[in-house]
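First up is the structure itself, then whatever we jot down about it.
Numbering (our numbering), first residue to last: 22 to 106.
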């Protein structure tokens, strides 16, 4: 089972050595948790900040499983603020 939706990051918790468990608030699914592999890497720290708007794809074998999240920035809010004269 999988779904795709935009949502805001509510919280991020460490899981193991490199992964993170992310809590999202999405329009269609409400609050949802998922595992982000490599979520503790320096490359992803900027994306995985509470309040960021992301485009999320959630995948799991069954709906009641934790599932994995693939996240991409949906809209860069800071760029719009810095571009405004």
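Yeah, the Cβ is synthetic: ideal placement off N, Cα and C, and Gly gets one too.
As the structure is a computational prediction, the values presented were derived from the model and not from experiment.
A Cβ-Cβ separation of about 6 Å places residue 26 in contact with residue 77 under the 8 Å criterion. Under the three-state reduction of DSSP output, residue 65 falls in the helix class. Residue environment for residue 86: exposed (fewer than 16 other C-beta atoms within 10 angstroms of its C-beta). Of the candidates 88, 28, 47, 59, the residue whose Cα lies closest to the Cα of residue 35 is 59. Taking the C-beta atoms as reference points, residue 33 is found no nearer than 8 Å to residue 74. If the five residues before and after residue 28 are omitted, its C-beta is found closer than 6 Å to the C-beta atoms of 45, 46, 47, 77, all from its own chain and listed in chain order.
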